[in-house]
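**Q** Okay, handing you the structure first.
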Amino acid sequence: MKAAVWYGKKDLRVEEREEKPLNDDEVKVRVGWAGICGSDLHEYEEGPVFVPNEEKDELTGEQAPLTMGHEFAGVVEEVGANVKNVKKGDRVAINPTLTHGDKPEDVDIYDGFSFIGLHGDGGFTKYANVPEENAYLLPESMTLQDGALVEPTAVAVQAIKEADMSFGDTVAVFGVGPIGLATILAAKAAGATRIIALDLSEKRLQKAAEVGATDVINSGEKDPVEAVHELESDGVDTAFEVAGVEPTFNQAISVTKARGTMVIVSIFSKAIEWNPMQLTGSGVKLTSTIAYSPSTFQRTIDLMGTGQLNPRGIITDKIKLDDIVDKGFEALSNDKSQAKILVELSGEK
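Here UniProt numbering is used: position 120 in the sequence shown is 120, and no number is missing along the way.
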């Protein structure tokens, strides 16, 4: 079967790979759609970041070269001997997070985690084997394309939970790529009254307005800190840093009101310089999030299933697996109007 396989930086190959034997606790998923994530792009442009290149990953037992793709959904084709709650024909979204599983779910991921599709073979292929507990049933109201959007949307839902937002809060989102756009959607669903989107790309800012931002600021044309304070003189209740660079990190703290909260959502590819007195002088609380808990993943499906959260607007292109390098990864690298690109694997809706 064809698969998009990571070999190294700027070395992603669509090639033939053998199907894996199915373990007793696994289900084989015929992948319908898979999304290209910012983390995938990091691996392509700068990797290895997460991909185990030197030795096998502790949780997956795998190492590069490996099939990428951790945002995917499909139809169960086969179940292992010990699988009890999932059956052939079920439509599922995949929670790609693997943990040791010996801590409460809200701290379990911080005891060490791996991702299907980053630390081991994932969903940019026809069939993917995943543990039963990582396959979440989709309601009839959701398509497989919707299912491929659950994972990035769950990142945003977890960020909102970490922010401890209240109805009526004001919000600033720095960086409106796919996760930033999903954060806007989740903040709106959580009751934010003002959502300020900041980015360098006019096309991305336009997309941010389409999905729910009340105000947009081009950080290359205006001083972002001054511009936010013009809108909210005391600053916003919560700022989300979703760009992963030093300037936006400092700016996100600076626009947050005294005793407000700044949430780090992005993955930083390198260290930054920062003075902690920026917090001491303002009382701003700094927190962060990585991925999501199992209950957040399920809650995201529930919210999408009822229509309370609809991330379809973040999709900017749909491509075939054969085109994943040129029309997928290279497009995301070079065309800032692109947000979420979905890859079609089986054609099922």
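Cβ coordinates follow ideal geometry from the N, Cα and C atoms, glycine included.
#1: Between Pro-152, Asp-169, Lys-87, which has its C-alpha nearest Glu-133's C-alpha?
#2: Just the Cα atoms here: how many angstroms apart are Leu-309 and Met-142?
#3: Can you list, in chain order, the residues of its chain with a C-beta nearer than 7 angstroms to that of Thr-306? Leave out the 5 residues immediately preceding and following it.
#4: Can you find the residues in the same chain that come closer than 6 angstroms, C-beta to C-beta, to Val-157, ignoring five residues on each side of it along the sequence?
#5: If we count the other Cβ atoms within 10 Å of its Cβ and call it buried at 16 or more, is Ser-266 buried or exposed?
#6: Looking at the structure shown, is Thr-193 part of a helix, part of a strand, or coil, going by DSSP?
#7: Starting from the C-beta of Cys-37, find all residues in its chain whose C-beta is less than 8 angstroms away, skip the five residues before and the five after it, and write them out in chain order.
#8: Answer with buried or exposed for Val-343, where buried requires no fewer than 16 other C-beta atoms within 10 angstroms of its C-beta.
#9: By Cβ distance below 6 angstroms, which residues in the same chain neighbour Phe-268 in space, the five residues on each side in sequence not counted?
#10: Provide the residue(s) that pair with Gly-120 in DSSP beta bridges, ordered along the chain.
#11: CB-CB under 7 angstroms to Leu-181, same chain, minus the five flanking residues each way: which ones, in chain order?
#12: How would you write the range of the beta strand (DSSP E) that Tyr-110 sits in, first residue to last?
#13: When you compare the stretch 110-128 with the stretch 214-224, are there three or more beta-carbon pairs, one atom per stretch, that lie closer than 8 angstroms?
#14: Taking a contact to mean a Cβ-Cβ separation below 8 angstroms, would you say Gly-35 touches Lys-9 in this structure?
#15: May I ask which residues mark the beginning and end of the beta strand (DSSP E) holding Arg-292?
#16: If you drop the 5 nearest sequence neighbours on each side, which residues of the same chain put their C-beta closer than 8 angstroms to that of Gly-175?
#17: By a C-beta neighbour count over all protein chains shown, 10 Å radius and 16 as the cutoff for buried, is Gly-168 buried or exposed?
#18: Determine the DSSP secondary structure at Pro-139, reduced to helix, strand or coil.
#19: Can the beta-carbon of Trp-22 be found closer than 8 angstroms to that of Gly-80?
#20: Using DSSP with H/G/I as helix, E/B as strand and the rest coil, what is Val-14?
**A** With the given structure in hand:
#1: Stepping through the sequence shown from its first residue, residue 133 is reached at position 133. Of all alpha-carbon atoms in Pro-152, Asp-169, Lys-87, the one lying nearest the alpha-carbon of Glu-133 is that of Lys-87.
#2: Counted from its first residue, the sequence shown places residue 309 at position 309. Counted from its first residue, the sequence shown places residue 142 at position 142. Distance between the alpha carbons of Leu-309 and Met-142: 12 angstroms.
#3: Locating residue 306 in the sequence shown gives position 306, where the first residue counts as 1. So the list is empty, once near-sequence residues are dropped.
#4: Sequence index remark: in the sequence shown, residue 157 carries index 157 (1-based). Ala-186, Thr-296, Thr-300.
#5: The count along the sequence shown starts at 1 and reaches residue 266 at position 266. Here Ser-266 is buried: its Cβ has 16 or more other Cβ atoms, across all protein chains shown, within 10 Å.
#6: Looking up residue 193 in the sequence shown gives position 193. Three-state result, Thr-193: coil.
#7: For the purposes of this step, residue 37 is taken as residue 37 along the sequence shown, with counting starting at 1. When the five nearest sequence neighbours on each side are left out, the beta carbons in the same chain lying within less than 8 angstroms of the beta carbon of Cys-37 are those of His-70, Glu-71, Glu-151, Pro-152, Pro-178, in order along the chain.
#8: Here residue 343 refers to the residue found at position 343 of the sequence shown. Sixteen is the threshold: when 16 or more other Cβ atoms of the shown chains lie within 10 Å of the Cβ of Val-343, as they do, the residue is buried.
#9: For this step, residue 268 is matched to residue 268 along the sequence shown. Residues of the same chain with a CB within less than 6 angstroms of the CB of Phe-268, apart from the 5 flanking positions on each side, are Gly-244 in chain order.
#10: Mapped onto the sequence shown, residue 120 falls at position 120. Looking at the DSSP assignment, Gly-120 forms a beta bridge with Ile-116.
#11: For the purposes of this step, residue 181 is identified with residue 181 of the sequence shown, where counting begins at 1. By the criterion of a C-beta distance shorter than 7 angstroms, Leu-181 is surrounded in its chain by Lys-207, Ala-208, Val-211, Ile-314, Ala-339, once the five residues flanking it on both sides are discounted.
#12: For the purposes of this step, residue 110 is taken as residue 110 along the sequence shown, with counting starting at 1. Bounds of any beta strand (DSSP E) do not take in Tyr-110, whose DSSP letter is neither H nor E.
#13: Judged by Cβ distances under 8 angstroms, the stretch 110-128 makes no contact with the stretch 214-224, as fewer than three pairs qualify.
#14: Reading the sequence shown from its first residue, position 35 is the one you call residue 35. Reading the sequence shown from its first residue, position 9 is the one you call residue 9. Contact flag unset, no.
#15: For this step, residue 292 is matched to residue 292 along the sequence shown. First, the amino acid is wrong: residue 292 is Tyr here, not Arg. No beta strand (DSSP E) holds Tyr-292; DSSP gives it neither H nor E.
#16: In the sequence shown, counting from the first residue as 1, residue 175 sits at position 175. Here the set comprises Leu-198, Asp-199, Glu-241, Val-242, Ala-243, Gly-244, Thr-248, Ser-266.
#17: The residue labelled residue 168 in the question sits at position 168 within the sequence shown. By the 10 Å Cβ count, Gly-168 comes out exposed.
#18: Indexing the sequence shown from 1 puts residue 139 at position 139. Of the three classes helix, strand and coil, the one that applies to Pro-139 here is coil, per DSSP.
#19: Counting from 1 along the sequence shown, the entry for residue 22 is found at position 22. Counting from 1 along the sequence shown, the entry for residue 80 is found at position 80. Correcting the residue type first, residue 22 is Leu in the shown sequence and not Trp. Cβ distance < 8 angstroms, so Leu-22 and Gly-80 count as in contact.
#20: Here residue 14 corresponds to residue number 14 of the sequence shown, with the count starting at 1. Correct three-state label for Val-14: strand.
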